[in-house]
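Reading the sequence shown from the start, the letters are residues 20 to 236 in my numbering. Glycine included, each C-beta is placed from N, C-alpha and C at the ideal position.
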Amino acid sequence: MSFPIVVLISGSGSNLQALIDQSLQGLLNIKICAVISNKAEAYGLERAKVAGIPTHTLNHKSFDSREEFDAELQTLIDQYQPKLVVLAGFMRILTETFAKHFEGRMLNIHPSLLPKYKGLNTHQRAIDANEKEHGVSVHFVSPELDAGAVILQASTEIAQEETAESLASKVHSLEHIIYPLAVKWFSEERLTFHDGTAFFDNNALPESGILYNEALT
Numbered sequence: 020m021s022f023p024i025v026v027l028i029s030g031s032g033s034n035l036q037a038l039i040d041q042s043l044q045g046l047l048n049i050k051i052c053a054v055i056s057n058k059a060e061a062y063g064l065e066r067a068k069v070a071g072i073p074t075h076t077l078n079h080k081s082f083d084s085r086e087e088f089d090a091e092l093q094t095l096i097d098q099y100q101p102k103l104v105v106l107a108g109f110m111r112i113l114t115e116t117f118a119k120h121f122e123g124r125m126l127n128i129h130p131s132l133l134p135k136y137k138g139l140n141t142h143q144r145a146i147d148a149n150e151k152e153h154g155v156s157v158h159f160v161s162p163e164l165d166a167g168a169v170i171l172q173a174s175t176e177i178a179q180e181e182t183a184e185s186l187a188s189k190v191h192s193l194e195h196i197i198y199p200l201a202v203k204w205f206s207e208e209r210l211t212f213h214d215g216t217a218f219f220d221n222n223a224l225p226e227s228g229i230l231y232n233e234a235l236t
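Now the structure itself:
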């Protein structure tokens, strides 16, 4: 029985494609039940359609409040009864009610080595701060933005002449490796969440989670 997930997107859906590809290759035993976007023009919707995955567009601008949008989104997701919700470039700040409803079964990926550089423009901020390395983090979603328990991180060196664009490209490559891996762990029940803490193989993870290396499976 494939593990049911729902993926939320707002843009190109490259991390969605990584999940689709690994599923087709037999590396991930998941079923993407639906892909939902708050933007009708999101290219990720085309990726889903090519893969035969049901798609939905829920325009946040059609709702009077963030609470109303999240309530409708929650209802839509729950129709598919997923065991995991995956935020893959879903550019919305979620309400506390929504985050708590899916607590412990909703993942996000953020382009920084959390807890550093929460929010936007992370690549340029890391360069401006003269950081030696930068990277990406997979974490459980909490009501506070980019503050949930970190599961897995991957890092890359910031070169002397690095630009935000070149650094973003390096980080994207890492995203496509570690996000499917975290989803795999969750689907195999190796990754769990209790009382605000992430656990891997029943061991509590440190604040920075696990640092990725090629030996991890």
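C-beta contact flag for residue i and residue j at 7 Å
{"i": "Ile-28", "j": "Leu-35", "result": "yes"}
{"i": "Gly-154", "j": "Leu-132", "result": "yes"}
{"i": "Val-190", "j": "Leu-171", "result": "no"}
{"i": "Pro-199", "j": "Ala-37", "result": "yes"}
{"i": "Tyr-99", "j": "Ala-173", "result": "no"}
{"i": "Asn-57", "j": "Leu-77", "result": "yes"}
{"i": "Ala-118", "j": "Val-169", "result": "no"}
Residues sharing a beta bridge with residue i, DSSP
{"i": "Ser-84", "result": "DSSP lists no partner for Ser-84."}
{"i": "Ala-121", "result": "Checking the sequence, you will find Phe at residue 121 rather than Ala. In the DSSP output, where bridge partners are listed per residue, Phe-121 has none listed."}
{"i": "Ala-223", "result": "Phe-218"}
{"i": "Asn-127", "result": "Leu-106, His-158"}
{"i": "Tyr-211", "result": "The identity of residue 211 in the sequence shown is Thr, whereas the question assumes Tyr. Thr-211 is bridged to Phe-218."}
{"i": "Pro-23", "result": "Lys-50"}
Reduced DSSP category for residue i - H, G, I as helix; E, B as strand; rest coil
{"i": "Leu-193", "result": "helix"}
{"i": "Thr-182", "result": "coil"}
{"i": "Glu-115", "result": "helix"}
{"i": "Val-169", "result": "strand"}
{"i": "Glu-91", "result": "helix"}
{"i": "Leu-106", "result": "strand"}
{"i": "Ser-156", "result": "strand"}
{"i": "Glu-176", "result": "strand"}
{"i": "Thr-76", "result": "strand"}
{"i": "Leu-133", "result": "coil"}
{"i": "Leu-230", "result": "strand"}
{"i": "Lys-58", "result": "coil"}
- contact_flag[the segment 135 to 154, the segment 209 to 218] where n(CB pairs < 8 Å) is 3 or more: no
- Query: Considering only residues of the segment 29 to 55, which uninterrupted alpha helix (DSSP H) runs meet the minimum length of 4 residues and lie entirely inside it, listed in chain order?
  - Reply: 33 to 43
- Message: Closer than 8 Å is the cut-off here; do at least three beta carbon pairs connect the segment 188 to 205 with the segment 117 to 129?
- Response: Short answer: they touch.
- Message: Measuring CB atoms only, is the segment 73 to 85 touching the segment 38 to 56, in the sense that at least three cross pairs come out at less than 8 Å?
- Response: Taking 8 Å as the limit for Cβ pairs, the verdict is that the segment 38 to 56 does touch the segment 73 to 85.
- Can we say the segment 140 to 149 touches the segment 109 to 123, given the rule of at least three CB pairs closer than 8 Å? no
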